[in-house]
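Student: My structure is below; once you've seen it, I'll send some questions.
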Amino acid sequence: MDLFGLPKSARKILIALSISDSLTQRQIQSLSGLSMRSVKGSLILLKDKGLVEELIDLTDMRCRAYRLGGEP
1010 MDLFGLPKSA
1020 RKILIALSIS
1030 DSLTQRQIQS
1040 LSGLSMRSVK
1050 GSLILLKDKG
1060 LVEELIDLTD
1070 MRCRAYRLGG
1080 EP
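Using our numbering, read the sequence shown as starting at 1010 and increasing by one per residue.
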């Protein structure tokens, strides 16, 4: 995994996710110190690269959690 090709915000999110099984956007924001806009944008980038997986809570479809995924 080439971490150096990623923006700093995406690397901070990967670090936050590496210390937990899964996190919500708000938890990622709190741990990383990033703005919510940066968190959302970086999560899209990381999902597109296959580095992060999105988990859907079937009891509350508004709530999404994220965890580290495998390389594509």
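For glycine and all other residues, C-beta sits at the position ideal for the given N, C-alpha and C.
(1) Do serine 1044 and isoleucine 1022 have their C-beta atoms closer together than 7 Å?
(2) Per DSSP, which residues does leucine 1077 bridge with? Please list them.
(3) Contact defined as beta carbons within less than 8 Å: I believe tyrosine 1075 pairs with isoleucine 1037. What is the distance between those atoms, to the nearest angstrom?
(4) To the nearest angstrom, how far is the alpha carbon of threonine 1068 from that of alanine 1019?
(5) Distance cutoff 7 Å, beta carbons only. Does proline 1016 sit that close to anything in chain B?
(6) Taking C-beta to C-beta, are leucine 1026 and leucine 1064 nearer than 7 Å?
(7) Between the alpha carbons of threonine 1033 and methionine 1070, how many angstroms are there, rounded?
Tutor: So, from the listed chains and residues:
(1) For this step, residue 1044 is matched to residue 35 along the sequence shown. For this step, residue 1022 is matched to residue 13 along the sequence shown. Cβ atoms of serine 1044 and isoleucine 1022: not closer than 7 Å.
(2) Residue 1077 sits at position 68 when you count from the first residue of the sequence shown. Note: leucine 1077 sits in a beta bridge opposite Val1061.
(3) Stepping through the sequence shown from its first residue, residue 1075 is reached at position 66. Stepping through the sequence shown from its first residue, residue 1037 is reached at position 28. Contact flag correct, Cβ pair sits at about 7 Å.
(4) Sequence index remark: in the sequence shown, residue 1068 carries index 59 (1-based). Sequence index remark: in the sequence shown, residue 1019 carries index 10 (1-based). Computed Cα separation, rounded: 28 Å.
(5) Within the model displayed, chain B is absent; a lone protein chain is all it includes.
(6) Residue 1026 sits at position 17 when you count from the first residue of the sequence shown. Residue 1064 sits at position 55 when you count from the first residue of the sequence shown. Their beta carbons are not under 7 Å apart, which means leucine 1026 does not touch leucine 1064 by this criterion.
(7) Here residue 1033 refers to the residue found at position 24 of the sequence shown. Here residue 1070 refers to the residue found at position 61 of the sequence shown. Roughly 13 Å separates the two Cα atoms.
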